[in-house]
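Input: a single structure, listed below in structure tokens.
2 protein chains.
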Amino acid sequence: MSYKLFIPGPVAVSDKTYAAMTTPVVGHRSPDFVELYNAVQPGLQKLFYTKDPVYISTSSAWGVMEGALRNLCRKKVLNCMSGAFSDKWNDVSKRCAKDAGALKYDWGTPLDPEDIRKELSTGEYDVITFIHNETSTGTMNPIEEIMAVVREFPEVISVVDTVSSFSVLPIKKDELGIDVMLTGSQKALALPPGLSLISVSQRALDRAKELPDRGYYFDFHEFQKNHEKGMTPSTPVIPLINGLRSKLGDIEAEGVENRYARHHELNELVRGWVRQHGFQLLPPEEFGSRSLCCVRNDRDIDLPALNKTLKERYQCVIDGGYGKIKGQTFRISNMGDETKETISALLDQLTEILGEMGKL
Amino acid sequence: MSYKLFIPGPVAVSDKTYAAMTTPVVGHRSPDFVELYNAVQPGLQKLFYTKDPVYISTSSAWGVMEGALRNLCRKKVLNCMSGAFSDKWNDVSKRCAKDAGALKYDWGTPLDPEDIRKELSTGEYDVITFIHNETSTGTMNPIEEIMAVVREFPEVISVVDTVSSFSVLPIKKDELGIDVMLTGSQKALALPPGLSLISVSQRALDRAKELPDRGYYFDFHEFQKNHEKGMTPSTPVIPLINGLRSKLGDIEAEGVENRYARHHELNELVRGWVRQHGFQLLPPEEFGSRSLCCVRNDRDIDLPALNKTLKERYQCVIDGGYGKIKGQTFRISNMGDETKETISALLDQLTEILGEMGKL
């Protein structure tokens, strides 16, 4: 049975995107591939707000998140941790045998730029990682304030995960001084998983030259060398790049500002429903994500049962919480191609089923 | 313009496979994904001739080729080198800061098991890498004889790239004592690129435990831990796994022995054409690949011009040589879903065009 995903990634993929993915594969060293690679660059650079290239990695975002550490950290990395994915980044740092500092917060608490300043002031660090939008907790960190602090430390290279905020709202890489900004395909771009995008500053490329063991598959200089030829270091996941080209066309047609406004409006719609029914977001309202709502399950709702009914009756699913807050929260995504109609319909369905369950 | 690939990967993908790839994406932590993951295991284990799990990596084969080094090499790796890809593996070893020995041959020369015995007898090595079928030179190495030698050295973990021989002929992982066997999606499996498959022995898993810096994305133990739950460590390229499921069904329907026989027959058809027109394979006949023919261009054929005509007149392309033998060789793939009819048609087209070019 086919059903629609309102989980915070992967999200629903349009028929148009699937059709684009069936474009016959070409040789990845052929002029036809170069044409495809170069065709997606301007749209990507626009969404990254950068003059730097945007490399295409055949991997999930974790590949380039690990790769960034191997490319950049000679001394010590500061991992800002406030959810499942940012916590894990610290673990991954250690698994790459990097000296890794942990700036820890409770899940759902936004990062505090002053804490970051204090840590970086120790002079111990040459890399910082943080996640703009913690998908596990639906928390959006104050990226402008954080980057203002990071820019005070010229030795520190910044690696920012925008996996679930990219293309939801503007994230101005060059203006903010982000060195490495990365995202994945299966969130707001509404592509299937399997492709990640990463844009790397000259500063970060220079740093990478100092790392003798950065490997090959995620090596920034291999990406750059091949980028200059309109290619990728290894055989890329061509169907998803065809999907990406199609999606960038959709975004251009919609208008990127309209797209941001739509995501904001849909997010407000969900937040309104949350308030109306006396629920609460996990994070403080002003730090709530614009990609999804992570809602506290303070009524002992049987989330698997809710999802079962939703799936059987309406052929769609939401998310029942991630990691250590599974069951204690539920998450509703408003990423991708959703509309006022589709989100309103979902909210009505939730109201109906939660009502039947005696939870409203 | 759409055209058919007779290059040695990516190869032509069937409409049925493309259709399977448009199966709606499911959540990668959902029971529906577990069902998909578990559904492909038996077919994969059969093709790998193994009782070990077959992990699914969202990457090209280079990802797991690099990952294997990071998982396994504590002391020194012996890279057997005889073509573009096996040469590069040595370079990749060094980029992972591994001590790497180079057993070098001229391109097109098969590996000599006696040389391998001599090298391994030094006691310096704890890992060996070799490529079963060097795609760049169309050379198939004597895997049985090589593995007989490798088995004499219990400390040495074997990593065998079967990227362009997998499913072309039987490669019996367990029987040969191969520790790590890997392949990619875009060769004889006739899927698009973006997915690699890797099967790892208990011996290799035990070794990996000794490596503190093996990272996360390609960590064998992460693959194993998630495999036990019917999942992958990171968000996987689900459309290609749906394609893989469909293709394993095709292979089951054809019968794997029939599939091997078909690849052999088609390869013989191309070799017959090569002989008939007085061409020569690059490697010695008995070490010629069964996946493709790499033919010496000893007549100064303008290969780009040949391919241009082939593409315009017949909507297909062959390959004009790879790396340092580009232009000096051409390659014709018989991998994937090709038939006597499609290969014969291609050979007739080549005869016609080469005749017009005055090269026959």
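Chains as they are written, first to last, in my numbering: chain A, 1 to 360; chain B, 1001 to 1360.
Glycine included, C-beta positions come from ideal geometry on N, C-alpha and C.
What you are looking at is a predicted structure, and each value in this text was computed from that prediction instead of being measured.
Nearest-angstrom beta carbon gap, residue j and residue i [assumed within contact, 8 Å]
i	j	result
Ala204 of chain A	Ile157 of chain A	5 Å
Arg331 of chain A	Gly323 of chain A	Actually they are not in contact, since the Cβ atoms of Arg331 of chain A and Gly323 of chain A sit about 12 Å apart, beyond 8 Å.
Ser60 of chain A	Thr1235 of chain B	4 Å
Ala1188 of chain B	Ser1201 of chain B	Ala1188 of chain B to Ser1201 of chain B, Cβ: 23 Å. No contact.
Ile7 of chain A	Ser333 of chain A	6 Å
Phe1220 of chain B	Ala1208 of chain B	5 Å
Trp62 of chain A	Tyr1216 of chain B	6 Å
Asn307 of chain A	Thr329 of chain A	Incorrect: roughly 13 Å between the Cβ atoms, too far for contact.
Lys1046 of chain B	Ser1246 of chain B	Wrong, their Cβ atoms sit about 16 Å apart, outside the cutoff.
Met21 of chain A	Met1147 of chain B	Incorrect: roughly 39 Å between the Cβ atoms, too far for contact.
Glu119 of chain A	Leu78 of chain A	5 Å
Neighbour list for residue i in chain B, Cβ cutoff strictly below 9 Å
i	result
Gly194 of chain A	Thr1058, Gly1194, Leu1195, Thr1235, Pro1236, Val1237, Ile1238, Pro1239, Leu1240
Pro42 of chain A	Those within 9 Å of Pro42 of chain A in chain B number zero; the least Cβ separation is about 23 Å.
Residues that residue i contacts on chain B, provided the C-beta gap is smaller than 8 Å
i	result
Gly215 of chain A	Glu1066, Arg1070, Val1092, Arg1095, Cys1096
Val13 of chain A	Pro1024, Val1025
Asp219 of chain A	Arg1095
Within chain B, partners of residue i - CB distance below 7 Å
i	result
Ile7 of chain A	Gly1027
Tyr18 of chain A	Thr1022
Pro212 of chain A	Ala1097
Proximal chain A residues relative to residue i, where beta-carbon distance stays under 7 Å
i	result
Gln1186 of chain B	Thr235
Ser1002 of chain B	Pro24
Alpha carbon of residue i to alpha carbon of residue j, nearest angstrom
i	j	result
Arg1290 of chain B	Ala253 of chain A	48 Å
Cys1096 of chain B	Asn1071 of chain B	11 Å
Pro1042 of chain B	Asp1250 of chain B	14 Å
Glu130 of chain A	Leu292 of chain A	One point to set straight first is that residue 130 of chain A is Phe, not Glu, in the sequence displayed. Going from the Cα of Phe130 of chain A to the Cα of Leu292 of chain A covers about 18 Å.
Asp206 of chain A	Lys1076 of chain B	29 Å
Thr1183 of chain B	Ser1136 of chain B	15 Å
Thr1050 of chain B	Lys1172 of chain B	7 Å
Pro31 of chain A	Ala19 of chain A	22 Å
Val1299 of chain B	Leu1360 of chain B	Checking the displayed sequence, the identity of residue 1299 of chain B turns out to be Arg instead of Val. Each residue's alpha carbon lies about 9 Å from the other.
Leu1194 of chain B	Gly123 of chain A	Leu is not the amino acid found at residue 1194 of chain B; the sequence shown has Gly there. Each residue's alpha carbon lies about 40 Å from the other.
Ile56 of chain A	Leu44 of chain A	10 Å
Met1001 of chain B	His28 of chain A	16 Å
Thr1139 of chain B	Ala100 of chain A	45 Å
Glu1268 of chain B	Leu1197 of chain B	28 Å
Pro53 of chain A	Leu240 of chain A	18 Å
Ser1093 of chain B	Ala1305 of chain B	37 Å
Val1150 of chain B	Ala102 of chain A	44 Å
Lys1311 of chain B	Tyr1003 of chain B	7 Å
Asp213 of chain A	Ala68 of chain A	12 Å
Glu1145 of chain B	Gly1177 of chain B	12 Å
Asp337 of chain A	Ser14 of chain A	8 Å
Val64 of chain A	Leu211 of chain A	16 Å
Ile1325 of chain B	Arg1271 of chain B	20 Å
Lys225 of chain A	Phe33 of chain A	16 Å
Cys1073 of chain B	Asp1126 of chain B	6 Å
Pro142 of chain A	Phe1223 of chain B	34 Å
Met335 of chain A	Met81 of chain A	23 Å
His1132 of chain B	Ser1164 of chain B	8 Å
Val1160 of chain B	Ser1199 of chain B	10 Å
Thr1058 of chain B	Leu111 of chain A	31 Å
Interface residues of chain A facing residue i [CB-CB closer than 9 Å]
i	result
Trp1062 of chain B	Tyr216, Tyr217, Pro233, Ser234, Thr235
Pro1010 of chain B	Val25, Val26, Gly27, His28, Thr235, Ile238
Residue i CB to nearest heavy atom of the ligand SAH below 6 Å
i	result
Gln1328 of chain B	No copy of the ligand SAH occurs in the structure displayed, which carries no ligand at all.
message = Report the start-end ranges of each alpha helix (DSSP H) in the stretch 1082-1170 of chain B that is 4 residues or longer and not cut off at the edges.
response = Counting only runs of 4 or more, we get 1084-1095, 1113-1120, 1143-1150.
message = With three or more C-beta pairs closer than 8 Å as the rule, is the stretch 1074-1089 of chain B touching the stretch 1248-1266 of chain B?
response = Touching, no, given that fewer than three Cβ pairs across the two stretches are closer than 8 Å.
ask   = Is the stretch 272-287 of chain A close to the stretch 314-321 of chain A, with three or more CB pairs under 8 Å?
value = Too few Cβ pairs lie closer than 8 Å, so no.
inquiry  = Measuring CB atoms only, is the stretch 1036-1049 of chain B touching the stretch 1228-1247 of chain B, in the sense that at least three cross pairs come out at less than 8 Å?
reply    = Contact between the stretch 1036-1049 of chain B and the stretch 1228-1247 of chain B is present, because at least three Cβ pairs lie under 8 Å.
inquiry  = I'd like the ranges of any beta strand (DSSP E) spanning at least 3 consecutive residues and lying wholly in the stretch 27-78 of chain A.
reply    = You should have 54-57.
query = How about the stretch 110-119 of chain A and the stretch 346-358 of chain A: do they share at least three Cβ pairs that are nearer than 8 Å?
reply = Verdict: no, contact absent.
query = Fully enclosed by the stretch 1235-1303 of chain B, which alpha helix (DSSP H) runs are 4 residues long or longer?
reply = The stretch 1235-1303 of chain B contains these whole alpha helix (DSSP H) runs: 1238-1254, 1256-1276.
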